[in-house]
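Heads up, the sequence shown is in our numbering, so the first residue is 150 and it goes up one at a time. Contents: one structure, followed by commentary.
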Amino acid sequence: MQTNFSLAQLADPHVAESEKILRKCVHCGFCTATCPTYVTLGNELDSPRGRIYLIKDMLENGRPADKEIVTHIDRCLSCLACMTTCPSGVNYMHLVDHARAHIEETYKRPLLDRLTRAMLAFVLPYPARFRAALKLARLGKPFIGLFERLPALRPLGAMLKLAPASIPAASPMASPGVHAGKGTKKSRVAILTGCAQSVLDPAINDTTIALLTRLGVEVVVPEGEACCGALVHHMGREAAALASARQNVDAWTRAIDQGGLDAIVITASGCGTTIKDYGFMLRLDPAYADKAARVSALARDITEYLASLDLPEPVRKPGTVVAYHSACSMQHGQKIIRQPKELLSKAGFVVREPREGHLCCGSAGTYNILQPEISARLRDRKVKNIEATGAEIVATGNIGCITQIASAAKLPVVHTIKLLDWAYGGPKPEGVSEGNLVAAE
Numbered sequence: 150m151q152t153n154f155s156l157a158q159l160a161d162p163h164v165a166e167s168e169k170i171l172r173k174c175v176h177c178g179f180c181t182a183t184c185p186t187y188v189t190l191g192n193e194l195d196s197p198r199g200r201i202y203l204i205k206d207m208l209e210n211g212r213p214a215d216k217e218i219v220t221h222i223d224r225c226l227s228c229l230a231c232m233t234t235c236p237s238g239v240n241y242m243h244l245v246d247h248a249r250a251h252i253e254e255t256y257k258r259p260l261l262d263r264l265t266r267a268m269l270a271f272v273l274p275y276p277a278r279f280r281a282a283l284k285l286a287r288l289g290k291p292f293i294g295l296f297e298r299l300p301a302l303r304p305l306g307a308m309l310k311l312a313p314a315s316i317p318a319a320s321p322m323a324s325p326g327v328h329a330g331k332g333t334k335k336s337r338v339a340i341l342t343g344c345a346q347s348v349l350d351p352a353i354n355d356t357t358i359a360l361l362t363r364l365g366v367e368v369v370v371p372e373g374e375a376c377c378g379a380l381v382h383h384m385g386r387e388a389a390a391l392a393s394a395r396q397n398v399d400a401w402t403r404a405i406d407q408g409g410l411d412a413i414v415i416t417a418s419g420c421g422t423t424i425k426d427y428g429f430m431l432r433l434d435p436a437y438a439d440k441a442a443r444v445s446a447l448a449r450d451i452t453e454y455l456a457s458l459d460l461p462e463p464v465r466k467p468g469t470v471v472a473y474h475s476a477c478s479m480q481h482g483q484k485i486i487r488q489p490k491e492l493l494s495k496a497g498f499v500v501r502e503p504r505e506g507h508l509c510c511g512s513a514g515t516y517n518i519l520q521p522e523i524s525a526r527l528r529d530r531k532v533k534n535i536e537a538t539g540a541e542i543v544a545t546g547n548i549g550c551i552t553q554i555a556s557a558a559k560l561p562v563v564h565t566i567k568l569l570d571w572a573y574g575g576p577k578p579e580g581v582s583e584g585n586l587v588a589a590e
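Here it is, written out as structure tokens:
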């Protein structure tokens, strides 16, 4: 794609990076075939190619964002299916991240939209605040129907619908400390306990720590960890995202200095994609660039890390039919495709993949709150394909996907690590009935 940026514009490193990305696009349109919003809405401007044209026009002309570009960029899930499809290697992730930041710097959103986004940024990355908000959400549930009838209040209705009826107790295992591996120590890792996941399903972290320590891995929960920054990053709040990234880099650097780390294990693939990008996000900060690059190099999804170990034979092989949903941040963001499925198969599960597995479930961080109509259409399409597999359980590696799919599916939806832990001697996953676990003959 030909670009026309001035030398003065290219002196801005963010613009220079976006210009490099834009020049790689050859207008082929392959991305439209796998873009969830284009497949759903059929509007060229709701495809990666259409959004690239809008971003190019905005950045080249150095103008503030307007309502049209905000509408179409806001509809982007940042699922990154386009990057998997693109034959030219266009880094759409970095381009749309720059566009989102530019929008927040130059566009004044309507009041209710500003308030909703400010509330999400204030609450979700902080477990204590999020837990308190979920308790308050119970009071609002009787008004969901009213909120859904008023377009400006639909995000609030979506939030209330997603709020669980009960909130699990906080896990003491996620507190800062060291969990010793059993037997011969094989390696030492840090774990990101996270923000929303630690409130919605703290058992994911507990299960991960339990399985790793049984396998002889020492697990460190570092002091000072924060939200990975993905939630605010995808809302264009760059300063807040970089502050979270720096806080985590500091926490993990201390852990490295105090005893070394073989990996930083992440159990939410949305977080993993962002942490693996810390090196890029902080590349312009001389105090953090090298440390951030080191952290990104150590980041591993839990299935990616387990696949690197010499695992023993499972204690039990359930033979259960599992529909594996590959989160967008897993398959497109991190290019982790085979490891989760191979681990489940080795553990004795019968793995089935739904049709249209490349399409997003509609969760996408805060997307199911900010774009509830499109999100619901994608969710229903995903659930229909999952249930068509005839599986007994759904497994996936991202808390957002778990919450989204479980809101409409008739099947139990669990984190992949819970099934693996069960096969390797841990307890049966909570919420999975005996009827869902058929022992192998």
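Where a beta carbon is used, it is the ideal one built from N, C-alpha and C, also for glycine.
Status (buried if at least 16 other CB within 10 Å, exposed otherwise) for residue i
i	result
Ala588	For Ala588, the pLDDT reaches just 44, beneath the cut-off of 50, and the residue's location in the model is therefore unreliable, although a value from the coordinates is still provided. Exposed: under 16 other Cβ atoms inside 10 Å.
Thr220	exposed
Gln488	buried
His247	buried
Lys559	exposed
His314	Per the sequence presented here, residue 314 reads as Ala, with His not at that position. Label assigned to Ala314: exposed.
Asn192	exposed
Ser418	buried
Val239	buried
Leu229	buried
Leu410	buried
His481	buried
Phe498	buried
Glu462	exposed
Ser393	buried
Thr592	Only positions 150 to 590 of the chain appear in the structure, and residue 592 is not among them; the question remains open.
Ala388	exposed
Glu590	Caution is warranted here: a pLDDT of 36 is assigned to Glu590, below 50, making its placement in the model unreliable, and no coordinate value can be reported.
His176	exposed
Thr333	exposed
Ala544	buried
Ala572	buried
Asn354	buried
Arg263	exposed
Leu288	exposed
Among the options, nearest to residue i - alpha-carbon criterion
i	options	result
Gly365	Arg212, Leu261, Ala329	Ala329
Ala312	Glu168, Val348, Ala404	Val348
Pro521	Leu305, Thr416, Ala379	Leu305
Leu159	Ser196, Gly178, Gly211	Gly211
Leu341	Lys484, Thr469, Ala412	Ala412
Arg501	Ile485, His481, Thr515, Glu541	Glu541
His382	Thr515, Thr552, Cys180, Ile451	Thr515
Tyr473	Ser556, Lys205, Gly506	Gly506
Ala182	Arg263, Thr416, Thr234	Thr234
Ala640	Thr186, Pro162, Asp161	This structure gives no information on residue 640, because the portion of the chain shown stretches from 150 to 590.
Val444	Gly539, Arg526, Gly574, Ile405	Ile405
Ile424	Asp215, His163, Asp529, Ala379	Ala379
Ala496	Leu508, Pro467, Glu297, Asp399	Pro467
Lys205	Asp529, Asp161, Cys174, Ile566	Cys174
Asn547	Ser227, Cys477, Val470, Asn153	Cys477
Leu273	His564, Tyr437, Arg258, Cys344	Cys344
Ala456	Ile486, Tyr202, Lys284	Ile486
Ser320	Asp350, Ala165, Gly385, Leu460	Asp350
Which residues DSSP lists as bridging residue i, in chain order
i	result
Glu367	Arg337
Glu501	A small correction: the amino acid at residue 501 is Arg; Glu does not occupy that position in the sequence shown. According to DSSP, which records beta bridges pairwise, Arg501 is partnered with Ala472.
Ala544	Tyr473, Val563
His507	Paired residue(s): none; His507 is not in a bridge.
Backbone secondary structure at residue i - three-state DSSP
i	result
Ile316	coil
Val581	coil
His382	helix
Thr565	helix
Gly289	helix
Ala157	helix
Thr552	helix
Gly421	helix
Ala323	helix
Ala412	strand
Glu590	Note on Glu590: pLDDT 36, under 50, position unreliable in the model; no value is reported.
Leu349	helix
Runs of alpha helix (DSSP H) wholly within the region 247-283 (minimum 4 residues, chain order): 260-272
Counting only runs that start and end within the region 429-492, where is the beta strand (DSSP E) found for 3 or more residues in a row? 448-450, 470-473
Restricting to runs no shorter than 4 residues, where is the alpha helix (DSSP H) found entirely within the region 163-243? 185-190, 197-209, 216-223, 230-234
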